[in-house]
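>
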Ligand SMILES: [Zn+2]
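Residue numbers (this note's numbering): 86 to 552.
1. From what residue to what residue does the beta strand (DSSP E) around residue 112 run?
2. Residue 95 and residue 475 - do their beta-carbons sit closer together than 7 Å?
3. Any idea what DSSP makes of residue 457, helix, strand or coil?
4. Report yes if the C-beta of residue 183 is less than 6 Å from at least one heavy atom of ligand 3; otherwise report no.
5. Among 251, 202, 543, which has the Cα closest to the Cα of residue 147?
6. Helix or strand or just coil, what does DSSP make of residue 283?
7. Sorted by chain position, which residues of the same chain lie with C-beta nearer than 6 Å to residue 262's C-beta, five sequence neighbours on each side aside?
8. Which of the three DSSP states, helix, strand or coil, is assigned to residue 358?
9. Contact between the segment 397–415 and the segment 526–541: three or more CB pairs below 8 Å?
10. Let me know if residue 462 comes out buried or exposed under the rule of 16 or more other beta-carbons within 10 Å of its beta-carbon.
11. Assign residue 195 to one of two classes, buried (16 or more other C-beta atoms within 10 Å of its C-beta) or exposed (fewer than that).
12. Which one of 500, 481, 155 has the shortest CA to CA distance from residue 524?
13. Tell me the rounded alpha-carbon separation between residue 489 and residue 437.
14. State yes or no: is the C-beta of residue 438 nearer than 6 Å to some heavy atom of ligand 1?
15. Report yes if the C-beta of residue 406 is less than 6 Å from at least one heavy atom of ligand 1; otherwise report no.
16. Can the beta-carbon of residue 367 be found closer than 7 Å to that of residue 382?
17. Going by other Cβ atoms of all chains shown within 10 Å of its Cβ, with 16 needed for buried, is residue 399 buried or exposed?
18. Expressed to the nearest angstrom, what Euclidean distance is found between the alpha-carbon atoms of residue 287 and residue 506?
19. Using DSSP's beta-bridge definition, name the partner residues of residue 91.
20. Looking at the structure shown, is residue 258 part of a helix, part of a strand, or coil, going by DSSP?
21. Output yes if chain C places a C-beta closer than 7 Å to the C-beta of residue 223; else output no.
22. For residue 86, does the count of other Cβ atoms within 10 angstroms reach 16, so buried, or fall short, so exposed?
23. Which first and last residues belong to the alpha helix (DSSP H) in which residue 316 is found?
24. For residue 519 and residue 464, what's the separation of their Cα atoms in angstroms?
25. If we ignore side chains and look at the alpha-carbon of each, how far apart do residue 411 and residue 131 end up?
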């Protein structure tokens with residue numbers, strides 16, 4: 086099977102150049118300048134020729150933060166590996182990394198087995214796993230080694246959610262030391278959960294039960310404090326650190342300061358923090374529940390700083406933290422008590438389009454768009470150059486993107502298995518036209534042509550930003 090993609094503008098992290106692309110089997114076989122005439126020869130005998138005139142040709146998106154079928158507060162996030170990866174493909178994302186959850190008291194390897202069972206034969210695009218480490222003890226610390234051997238070398242810990250995933254500073258110190266020794270990465274949910282729980286208790290006691298109080302009881306100071314503390318613990322142990330879903334400018338300042346001293350601290354943000362705000366959490370008639378996620382949406386004033394961070398690489402990745410819960414019956418569990426609203430928002434389908442608006446508005450360049458949504462995530466989590474770029478030998482994960490198409494985001498047209506859109510009615514410029522996943526056209530002009538079971542598990546190498 087061979088595909089020739091002609092006359093498009095190939096965009097990678099290093100630039101944007103008119104280039105023809107030859108795909109052979111599952112890989113990119115060659116690139117050529119359009120005036121070399123090479124594509125004329127490739128076309129002879131090609132199985133498929135895609136005319137990409139006027140289109141961007143970009144590496145498939147890499148979303149390193151999803152929660153498919155994740156248990157939370159007595160329910161499960163509503164996308165399965167099937168529906169979630171199909172929605173990803175619709176949005177131009179061809180690789181996801183999902184979080185396998187270690188329930189307290191169980192082993193890490195059994196958690197991995199459980200996630201393999203969920204994903205095996207179900208995914209439409211390639212996938213890898215991180216592990217959520219909820220118990221730190223001699224046995225789990227030892228097991229981290231075996232996880233690394235199994236291609237899972239990043240471990241998420243929580244400074245939030247006491248009684249569920251919460252890790253003490255001592256736990257974090259131990260896990261970071263272990264991670265340092267075995268070349269693994271600790272990923273941190275940095276919010277001070279002990280203080281937040283106290284604020285939540287006070288709010289509920291005073292009858293402040295609406296969704297907006299989810300945001301009010303998780304002030305930016307408590308994200309900044311936890312971020313700063315995580316950075317200090319990483320410094321003491323000499324471990325690298327990756328801050329997930331950074332939302333507040335004060336937390337970004339802590340990351341920036343650490344990076345300025347050369348410490349291996351990295352951070353991601355998510356589209357919801359760039360495009361939505363605390364005002365959405367304050368929507369009437371319980372509609373704010375649709376926007377409950379942690380950290381919470383912030384006042385709009387934080388967004389300029391986040392875009393600044395994306396330009397200067399203090400924020401190096403944009404992931405979605407895709408964790409959908411339906412409004413009916415799931416979000417509604419928290420009517421009358423915001424603390425019972427399942428935490429999470431849908432987004433895996435819209436990341437590439439939303440970040441393209443950053444290009445349209447002049448916040449980021451075209452190569453930077455590709456870098457923060459594909460190249461850096463692939464490097465950060467040991468998938469590059471197989472994923473994250475278009476080059477000879479790379480997996481043929483390619484998106485043909487029409488930068489001039491206009492679309493309106495809506496629950497009526499999205500493919501995520503959730504009964505609302507957080508971006509309902511938002512008009513965006515640009516749209517995914519064709520998606521190639523490992524040499525297979527899985528989506529073309531509004532038709533899904535892929536299949537569940539096409540997606541394969543990706544055993545990952547260590548973070549490629551460490552030496
Ligand atoms: Zn998450």
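Cβ coordinates follow ideal geometry from the N, Cα and C atoms, glycine included.
In this structure, then:
1. Working through the chain shown from its first residue, we reach residue 112 at position 27. 112–117 is the span of the beta strand (DSSP E), which, as asked, contains residue 112.
2. Here residue 475 refers to the residue found at position 390 when the chain shown is read from its first residue. Here residue 95 refers to the residue found at position 10 when the chain shown is read from its first residue. Yes, Cβ-Cβ distance for residue 475 and residue 95 is below 7 Å.
3. On the chain shown, position 372 is the one that residue 457 refers to. Residue state, collapsed to three classes: helix.
4. In the structure shown, ligand 3 is absent; the only ligands present are ligand 1.
5. Residue 147 sits at position 62 when you count from the first residue of the chain shown. Residue 147 has its Cα closest to that of 543, out of 251, 202, 543.
6. Within the chain shown, numbered from 1, the residue matching residue 283 stands at position 198. The answer is helix: DSSP assigns residue 283 an H, G or I state.
7. Position 177 of the chain shown, counting from 1, holds the residue named residue 262. The answer, listed in chain order, is 322.
8. Position 273 of the chain shown, counted from the start, is the residue given in the question as residue 358. Helix.
9. no
10. Reading the chain shown from its first residue, position 377 is the one you call residue 462. It is buried - the Cβ of residue 462 has at least 16 other Cβ atoms within 10 Å.
11. Taking the chain shown and counting its residues from 1, the one referred to as residue 195 is at position 110. Counting Cβ neighbours within 10 Å, residue 195 comes out exposed, since fewer than 16 surround it.
12. Reading the chain shown from its first residue, position 439 is the one you call residue 524. Minimum Cα distance to residue 524 is reached at 481.
13. To locate residue 489, count along the chain shown from 1; it is residue 404. To locate residue 437, count along the chain shown from 1; it is residue 352. Whole-angstrom Cα-Cα distance: 14 Å.
14. Stepping through the chain shown from its first residue, residue 438 is reached at position 353. No, since every heavy atom of ligand 1 falls outside the 6 Å radius drawn around the Cβ of residue 438.
15. If you number the chain shown from 1, residue 406 lands on position 321. Flag set: Cβ of residue 406 near ligand 1.
16. For the purposes of this step, residue 367 is taken as the residue at position 282 of the chain shown. For the purposes of this step, residue 382 is taken as the residue at position 297 of the chain shown. It is not a contact, given that the beta carbons lie outside the stated cut-off.
17. Indexing the chain shown from 1 puts residue 399 at position 314. The residue is buried, with at least 16 neighbouring Cβ atoms inside 10 Å.
18. Here the question's residue 287 lines up with position 202 in the chain shown. Here the question's residue 506 lines up with position 421 in the chain shown. Near 31 Å, if we compare the C-alpha coordinates of residue 506 and residue 287.
19. For this step, residue 91 is matched to residue 6 along the chain shown. Bridge partners of residue 91: 136.
20. As a working mapping, residue 258 is identified with position 173 in the chain shown. DSSP places residue 258 in helix when its eight states are reduced to three.
21. In summary, chain C is missing from the structure at hand, where a single protein chain is found.
22. Along the chain shown, read from residue 1 onward, the residue named residue 86 stands at position 1. Exposed.
23. Residue mapping note: residue 316 aligns to position 231 of the chain shown, counting from 1. 305–322 is the extent of the alpha helix (DSSP H) around residue 316.
24. Counting from one through the chain shown, the residue named residue 519 turns up at place 434. Counting from one through the chain shown, the residue named residue 464 turns up at place 379. Approximately 24 Å between the Cα atoms of the pair.
25. Locating residue 411 in the chain shown gives position 326, counting from the first residue. Locating residue 131 in the chain shown gives position 46, counting from the first residue. About 44 Å.
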